[in-house]
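Everything on this sheet refers to the single structure shown next.
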Amino acid sequence: MGFLDINNVTKSYGAVEVLHKVDINVEEGEFLVLVGPSGCGKSTLLNMIAGLEGITSGEISIKDRVMNGVHPSKRNIAMVFQSYALYPNMSVGKNITFGLEMHGTPKEEREKALKDVASLLQIDHLLDRKPGQLSGGQRQRVAMGRALVRDPDVFLFDEPLSNLDAKLRVDMRTEIKKLHQNLKTTVVYVTHDQIEAMTLSTRIAVMYDGYVQQLGTPKEIYDTPENVFVATFMGSPAMNVMPATVEMIEGAPHAKISDSEGNHVTLAFAQDNLADWAGKEILLGIRPEAITDPEAADRDSNRIEKLANRVGVTEPSGADTFVTMTLGGKDIIARMRADTTVAAGEMFDFAVNMEKAVAFDPKTEARIKP
Amino acid sequence: MARAASVDMRTRMQELLPKIVLAPSFALVLLFVYGFIAFTIYLSFTDSRMLPSYGWEGWTNYSKLFRIREWDTAITNLAIFASLYIVICTIIGLMLAIFLDQKIRGEGLLRPIFLYPMALSFIVTGTAWKWFLDPGIGIENTMHLWGWESFEFGWIKDRNMAIYTIVIAAVWQSSGFVMAMFLAGLRGIDNEILKAAQMDGASNWQLYRRIIIPLLRPAFLSAFVILSHLAIKSYDLVIALTGGGPGNATAVPATFMYSYTFTRNQMGIGAASAVIMLMTIAAIMVPYLYAELREKK
Amino acid sequence: MSVASQDNAASVGRVGRTFVYLTLLLFALFYLLPFFIMLVNSLKPLGEITGGNMIALPQDWTIAPWLSAWSTAQIGVEPTGLKPYFWNSIRMVVPAVVICTMIGALNGYVLTKWRFRGDTIVFGLMLFSCFIPFQIVLIPMARILGILEISGTTAGLVLVHVVYGIGFATLYYRNYYAAFPTELVRAAQIDGAGFFQIFYRILLPSSGPITVVCVIWLFTNIWNDFLFGASFASGDAAPMTVALNNLVNSSTGVREYNVHFAGAILAALPTLLVYIVAGRFFVRGLMAGSVKG
Amino acid sequence: MTIKNTLKASVAVLALSSAAAHAEGVEVLHWWTSGGEAAALNVLKGDLEGQGIDWTDMPVAGGGGSDAMTVLRARVTAGDPPTAVQMLGFAIQDWAAEGALADLNGLAAEQKWDDVVPAALQNFSKHDGSWVSAPVNVHSTNWVWANSAIMAELDLEQPGSWDEFVAAMEAAQAAGYVALAHGGQAWQEATVFDSIAMGVGGPEFYQAAFVDLDPEALGGAQMVEAFQRMETLRGFVDDNFSGRDWNLASAMVVNGEALFQIMGDWAKGEFVNAGQTAGEEFQCFRVPGSEGTVTFNSDQFAMFNVTDTAAMDAQVTMASSVMSPSFQVAFNTVKGSVPARTDISDAEFDACGKLGMAQLADAAASGGLFGSMAHGHANPPAVQNAMYDVITAHFNGEYDAETAAAEMVTAVELAQ
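Protein chains in written order, with the working numbering: chain A, 1 to 370; chain B, 1 to 297; chain C, 1 to 293; chain D, 1 to 416.
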């Protein structure tokens, strides 16, 4: 039993089931991120944890107490909303202490808690203002303050950063991470932004179509995605996935693919059990950073394969240069050093780190595990 | 819904409360509106005359109703009145709203002037209107006194034109209200859309015709609903201005219904005409409500 | 103020602007005329009215008709003027508007923030109730008021007006609250606020504009009602409109038009006042929700 | 028809259950709200209060009493009827048929109402042989009101026949006067038509067409002629008549713009109020052709059933006061009508009043006293209004005389 247990939870609206048997156990102090495209059910799940939506079947418990049917205010949770949901008619101070007031906390205690939270979030000077007079970042802080002041068992965040501009979003991300490290509270955080998921979480649940596709640490999710969806959803640019045939060369499995010229090239797998798939089609997944110029190839890798291919488009981004090219009949992206010398249209020898390559069953799209 | 046993009282209460709060008004509406409608439908099949009576007569009242000339007049009048009233109110309301939205000096003074007729019932203004429209003492006479001898405005005395004077008074009453609705709509339009359209080189006329007026669709719909409901219910207006005359030339279904139910002691026929009226309203409103409510789901 | 208006103002040009102003003024005259006729003639002696020009200013200014209409004109057998009935109307309209607005606000709150299966049907039924012709409810309503033993009283009249005001009040608040962020309600729920606390503390303080619209609408409709007032509260409890009708509409008596006009204006004063005072907020309130259909 | 009987019983019970709240007095529903009428009614109120009976006033003006009748229905349905109600003609009979009215036989026998009230009035005041209402007045509706100055100027005598009447109007028209002041409202047109029809066909025709609703009379040659006379009258009316109130039409005669007005005796109040005197500045005579007959309407007070004995006593006292000669005189001199009792001195009345009282007595004696169709004293409201529809449509040019007569038949059939 964990701190927050989601056991076999489903949610239906009428005849339509939108969440299917979700099963997640969250330990105390964990930062769980629910990530997925819109409509995947992540917000519904969060609302069910909060008690804002009913549970069709299954159980949610916090600290071993079953929460089904318990009023949101009795779950000892706090939530930060995408729109911040600040009460427009109340001052910032009132906004923050409203929950305490509703729970009958005496005025002196409220004042003290407000002071602590305000100084923690550096919003002391805003307490008398109305939400309408605040900037986006300030509102974000107030919303967090409102959650923090309650000292809840579980923090719930519903896409809290999506209304901020890019720069502020990065800053606030760091701030949330810092807060979590200092306060060590349990967090469930919903986002559709996989970078937020990767940077903030201790564990990620990738959701799609009402199913949890994969639950694991950021590293597990990134390196060993359970299926094509997880592989392509997580990471930016997305993982390159192309059809390939497994061919045995000298007793070792190789991926046979067609290059930009239409010729067949082979890349040796690092994963031995792919021998079982000899002669069959698979889907080959390689992250962009695993296809690079030879000078930038991972020195620790035991399996760097050379691939000669024609460069399509080069896109310098400052830190890196991305190269788009055709491989296996698909447009794929390689991530090169910033000052690489490749030019559009020329043939180039790329270094492919096959240790990082993953293979998927083309029928089920599930990863072929080693 | 499968629920664990630990549902606490407060939560259960909180779930029930909304329905408890809504229930009384829903019950009131069911009884006082739908119950009464059902009662009226029932009456329309009975031999009720002065008071409700329960002798079943089948469709007799309906067949009588459609043989009464005045009912034809009333229906035709309603069609003329409602369509003109709705169209003219909408045009004037829209025009005034657009004009008022041009940074007009004195808007604060003009707006209440346009709006105030809605505050007055025709019990209050009826006599003034009757005078105003009466050729003997009203505007025609005044023009004559001022030296414009050939001026003629005797519509209220002309059985073919009297219904149009009712339209004039009705437009006077409601067009300001429609103006307010359009003005609210205009003020609510996102500036960026207008900027974009101006960048695209739209002229003022095009801006209004192609961008702004289509964006006012919700205001048009609300205006339509409110106006059609006022048109169908128009009673005071007709009674105060013409009393249904000259002859029966300005009878409308509402006056017809009242007169048959209460003056002529033919409650059955009155109820039948009320049922027809309700069905007309339903035919207009139900599709609108259906579309509106479904959209919001 | 929309950007278009500013830019248009610049580009419409002097001729266009003159035309706009002229049209607006012309319509202002059209709207003012009936009221002007009433006002002018309420200040004339009777003789001047029957013989003279309707639009001409009085030659002998007099406020006697006003005094008469207010306190001495014959309404029934008693020469009481409209004064007692004015207070009857106030006693009827204030509770009816307050109750109806509260019910409408709560209904709107439930229908948007606490949705349940079938809520749109409930709302649809309530909305359609706005369109019932009042003439058909007289007889059954009278019976029910009789059963409740509030026939012929102000309380009965308040009930009637509340019942038939619920539809529009609910419509206004529902459309307004539909645009009110549901997340605020959820946040308040998590903060521990109950059903009513959320309503009082979160929604109600932001409901100013729509409350103005709703109150104006209800106040005018209820104040101006004649049919219900006459049918359910004649006699001592009669509202202003019924008294005005008794004053103006006698069938076989002598007609004092100047007193009638003065009485009519007196009867209309509260609604006029409401429109003029609250009119500024009216457009704003409509903007904030009700025009969204 | 057991259902109908049950309903009647239930209405009676409703009426009976009338609350004890009015026990100490009477609650009076009426539509006499204009200055003179209300002042006249105040006489009654003062009289009753002198006898310790409170008066709760419930005035509902409008539509010649039709709004008051709507209110009455609401009150009866609510089980809370007023104790006394001003009523006209058939309404009394309709309510009595519902079993809602109190029996006044005791008082009537004691005061010998049967002897002093004309039989034609008793038709309305009595239901199944029982007195159910107390008549206040008799308005006769077949009067012509004339401006003496114009008559003198044009050297006219009071016309004694239809042709003289038309000739007089032609003379007035030629002299630039409005020959006939008329207000274009359905009931005013019907009032004129009443007298014209009586003039064309006499009592038998009037009885057949308007009371017995005989289709042959309704569609017959005399009806067509009556409509033709209406067309003639239409030619003497000014262009601006439509929708005009009757008192504005009277004012035209008062002010010397118009020669004649055909209207009931309440019009006299307008002349008197303008400071004129009957027989001097203005004259009254019966509509030519209808001399010797009187078409009337009668305001009566009907008493609704109450259970409380104190309330019953109050009702009886009120009925007694209504029938007292002093009230009948006081009220009718103000109202312009004549007393419902024929045994009252005419000393207090003016020339037209005296004439009216004498003619009423004659007509009652000779069988020439008829309830007015235009005022709901000849046939039930449904039929009356159906006739209104045809008469007013014809007068406004929608039908010619033959079509109008044919329409009378259809309309009456539909309304029955």
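Think of the CB as a built atom: it goes at the ideal place given N, C-alpha and C, for glycine as much as any other residue. None of these values were measured; they are calculated from a predicted model.
- It is roughly 28 Å from the alpha-carbon of B:Asn248 to the alpha-carbon of D:Gln173.
- Shown here, A:Val342 sits in coil according to DSSP, grouped into three states, outside any helix or strand.
- Segment contact: the stretch 91 to 109 of chain C against the stretch 165 to 172 of chain C, three or more CB-CB distances shorter than 8 Å; contact assigned.
- In the DSSP assignment, C:Trp217 falls outside any beta strand (DSSP E) and within the unbroken alpha helix (DSSP H) covering Gly208 to Asn224.
- DSSP, read as helix, strand or coil, puts C:Gly104 in helix.
- When CB distances to chain D are screened at a threshold of 8 Å, the residues of the stretch 50 to 64 of chain B falling below it are Met50, Leu51, Pro52, Ser53, Tyr54, Gly55 and Lys64, in chain order.
- Taking a cut-off of 8 Å for Cβ pairs, the stretch 76 to 83 of chain C and the stretch 144 to 157 of chain C do not touch, as fewer than three such pairs fall below it.
- For the pair D:Asp47 and D:Gly25, the CB atoms are not nearer than the 9 Å cut-off.
- Less than 9 Å divides the Cβ of D:Gln328 from the Cβ of D:Val322.
- Taking CB atoms only, C:Pro209 has no neighbour in chain A less than 9 Å away.
- Boundaries around C:Val242 are those of the alpha helix (DSSP H), Met240 to Val248, since no beta strand (DSSP E) includes it.
- For the options A:Lys219, A:Asn47, A:Asp349 and A:Asn309, the alpha carbon positioned closest to that of A:Asn68 is the one of A:Asn47.
- A direct Cα-to-Cα measurement between C:Val215 and C:Val97 gives close to 7 Å.
- B:Asp200 is outside the set of residues whose beta carbon lies under 9 Å from a beta carbon in chain C.
- By the neighbour-count definition (other C-beta atoms within 10 Å, threshold 16), B:Trp148 is an exposed residue.
- For B:Tyr258, the neighbours in chain C by C-beta distance under 8 Å run, in chain order, Gln135.
- Taking a C-beta distance under 9 Å as the contact criterion, C:Trp70 and C:Ser42 do not qualify as a contact pair.
- Put simply, of B:Met285, B:Ile226 and B:Leu186 the residue whose alpha carbon is nearest the alpha carbon of B:Pro214 is B:Leu186.
- The closest CA to that of B:Phe132, considering only C:Val283, C:Leu22, C:Gly279 and C:Tyr31, is found on C:Tyr31.
- The continuous alpha helix (DSSP H) containing B:Asn61 extends over residues Thr60 to Leu65.
- Inter-residue distance for D:Asp400 and D:Val224 is about 9 Å (C-alpha atoms, whole angstroms).
- The alpha-carbon of D:Gln228 is positioned some 36 Å away from that of B:Ala169.
- In this chain, C:Trp114 is not harboured by any alpha helix (DSSP H), its DSSP state being neither H nor E.
- Not one beta carbon of chain B lies nearer than 9 Å to the beta carbon of D:Arg286.
- Listed as beta-bridge partners of A:Lys306 by DSSP are A:Ala351.
- In the structure shown, the three-state DSSP call for D:Trp145 is strand.
- Sequence-distant partners of A:Arg129 (beyond 5 residues in either direction) whose C-beta falls short of 8 Å from its own C-beta, in its chain, are Ser91 and Val92.
- Between A:Val22 and A:Val212, the gap from beta carbon to beta carbon is short of 9 Å.
- DSSP, reduced to helix, strand and coil, places D:Leu101 within a strand of the structure shown.
- A distance below 7 Å between beta-carbons, with the five flanking residues on each side excluded, links D:Gly256 to the following residues of its chain, in chain order: Asn147, Ala149 and Ile150.
- Counting of Cβ neighbours within 10 angstroms places C:Leu26 among the exposed residues, the total staying below 16.
- C-alpha of B:Arg111 to C-alpha of B:Gln206: approximately 26 Å in a straight line.
- Spatial neighbours of D:Pro339 in its own chain (CB-CB distance under 6 Å, excluding positions within 5 residues in sequence) are listed in chain order as Gln328 and Asn332.
- Following the DSSP letters along the chain, one finds A:Lys256 inside the beta strand (DSSP E) bounded by residues Ala252 to Ser258.
- In summary, C:Phe116 is exposed, with fewer than 16 beta-carbon neighbours lying within 10 Å of its beta-carbon over all protein chains present.
- Taking 3 residues as the shortest admissible run, the stretch 181 to 209 of chain C contains no complete beta strand (DSSP E) segment at all.
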